[in-house]
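Mapping of the sequence shown onto the UniProt record's numbering: residues 1 to 175, in sequence order.
Positions of the beta carbon are idealized from the N, C-alpha and C atoms, including for glycine.
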Amino acid sequence: MTTLVPYLVLASHIIFVFLVLTVIFRRSWGGGLIAFIGKQALWLAFLASLVAVVGSLFYSEVIGFEPCVLCWWQRVFLYPLVVIFGMALWKKNNSAFLYAVPLALLASLVSLYQHYASVSGVSLLSCTAVGEACSKLYVLAFGYITIPLMGLTIGLYILLFAWVSKIYRNENSNA
C-alpha cells in the first residue's frame with residue numbers, strides 16, 4: 001500500500017494541473033467540467049479532507065511513522081475540515097468554504113514549509129519533536145513526493161474546489 005500512494009499522488013498532481021487549466025480556459029473548453037465541479041465542490045472537498053485524515057492516520061497508526069510537530073500542525077488545520085464539510089453537506093450549506101479556506105491555506109503553508117525543510121535540509125525553525133525530527137523523510141518518491149507534499153496536495157485541492165465553487169456560483173447567479 002505504501003508503494004501505491006506515491007503513484008496516486010503523482011496522478012493527482014497531473015489531474016490538478018489539468019483542473020487548473022480547465023479553470024483558466026473555462027470559457028473555451030472547460031465549462032462543462034467547471035459546472036460539474038462547481039455543483040459537487042462540497043462533496044469533493046469532503047472526500048479530499050477525508051482522504052487526508054485517513055491517509056495521515058494510516059501512516060502514523062498502521063505503518064508506524066511517528067508524526068513530528070509540523071505534522072501535528074497540519075493535522076490541526078486539516079482534520080476539522082471533515083466535520084466542516086460533513087456538516088455543510090448535511091445542512092446543504094455552501095458557505096463552508098468561508099471557514100475551510102483559511103484552514104486549508106494554513107495547512108498548505110505548513111506543508112510547503114515542511115516539504116522545503118525536509119527536501120533541502122534547511123530549516124528556519126527548530127523542530128523539537130519528541131519522536132522524529134520534522135526533516136525526516138519517511139517517503140521520497142519520484143524525487144519530490146514526500147508526506148508533507150501529500151498534505152500540500154490535499155490543501156491545494158480544497159482551495160481549488162473553493163475557487164471553482166465561487167466561480168460557478170458567481171457565473172450562475174448573474175445568468
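*For Leu137, count neighbouring C-beta atoms within 10 Å of its own C-beta (all shown protein chains included) and say buried if the count is 16 or more, exposed if not.*
On the sequence shown, residue 137 is found 137 positions in, with the first residue counted as 1. Taking every protein chain shown into account, the CB of Leu137 has fewer than 16 other CB atoms within 10 angstroms, so this residue is exposed.
*With which residues is Ala141 paired in a DSSP beta bridge?*
Here residue 141 refers to the residue found at position 141 when the sequence shown is read from its first residue. Assignment of beta-bridge partners to Ala141 by DSSP yields Ile145.
_Ala162 burial status per 10 Å Cβ neighbour count (16 or more: buried)_ = Your numbering for residue 162 matches position 162 in the sequence shown. Ala162 counts as buried, since no fewer than 16 other beta carbons sit within 10 angstroms of its beta carbon.
_For Leu33 and Tyr168, what's the separation of their Cα atoms in angstroms?_
Within the sequence shown, numbered from 1, the residue matching residue 33 stands at position 33. Within the sequence shown, numbered from 1, the residue matching residue 168 stands at position 168. When rounded, the distance between both Cα atoms is 11 Å.
*Just to confirm, are Val53 and Phe77 a CB contact at a threshold of 8 Å?*
Taking the first residue of the sequence shown as 1, we reach residue 53 at position 53. Taking the first residue of the sequence shown as 1, we reach residue 77 at position 77. Their beta carbons are not under 8 Å apart, which means Val53 does not touch Phe77 by this criterion.
*Look up Thr3 in the DSSP assignment and say whether it is helix, strand or coil.*
Here residue 3 is taken as the residue at index 3 of the sequence shown, counted from 1. The answer is coil: DSSP assigns Thr3 none of H, G, I, E or B.
*Would you kindly work out how many angstroms separate the C-alpha atoms of Leu44 and Ile15, rounded to a whole number?*
As a working mapping, residue 44 is identified with position 44 in the sequence shown. As a working mapping, residue 15 is identified with position 15 in the sequence shown. Their backbone Cα atoms lie some 14 Å apart in a straight line.
*Do Ala104 and Gly84 come within 8 Å of each other at the CB atom, strictly closer than that value?*
Taking the sequence shown and counting its residues from 1, one reaches residue 84 at position 84. Taking the sequence shown and counting its residues from 1, one reaches residue 104 at position 104. Inspection of the sequence shows that residue 84 is occupied by Ile rather than by Gly. Using a Cβ distance threshold of 8 Å, Ile84 and Ala104 do not count as a contacting pair.
_So, with DSSP's three-state summary, where would you put Phe25?_
Counted from its first residue, the sequence shown places residue 25 at position 25. Assigned with DSSP and collapsed to three states, Phe25 falls in coil, not helix or strand.
*In this structure, does DSSP put Val69 in helix, strand or coil?*
Stepping through the sequence shown from its first residue, residue 69 is reached at position 69. It is helical.
*asked:* Which of the three DSSP states is assigned to Gly121 in this structure?
replied: Locating residue 121 in the sequence shown gives position 121, counting from the first residue. Here Gly121 sits in coil by DSSP.
*Smallest Cα separation from Cys68: which of Ala96, Val62 and Ser56?*
The residue you call residue 68 lines up with position 68 of the sequence shown. Answer by Cα proximity: Ser56.
*Could you check the C-alpha separation between Leu42 and Asn170 for me, to the nearest Å?*
Your numbering for residue 42 matches position 42 in the sequence shown. Your numbering for residue 170 matches position 170 in the sequence shown. Taken atom to atom, the span from the alpha-carbon of Leu42 to that of Asn170 is near 16 Å.
*Of the choices Leu106, Val17 and Ser165, whose alpha-carbon is the least far from that of Pro148?*
Reading the sequence shown from its first residue, position 148 is the one you call residue 148. Cα-wise, what sits closest to Pro148 is Leu106.
*Is the CB-CB distance between Leu70 and Gln114 below 8 Å?*
On the sequence shown, residue 70 is found 70 positions in, with the first residue counted as 1. On the sequence shown, residue 114 is found 114 positions in, with the first residue counted as 1. In this structure, Leu70 sits near Gln114, with a CB-CB distance shorter than 8 Å.
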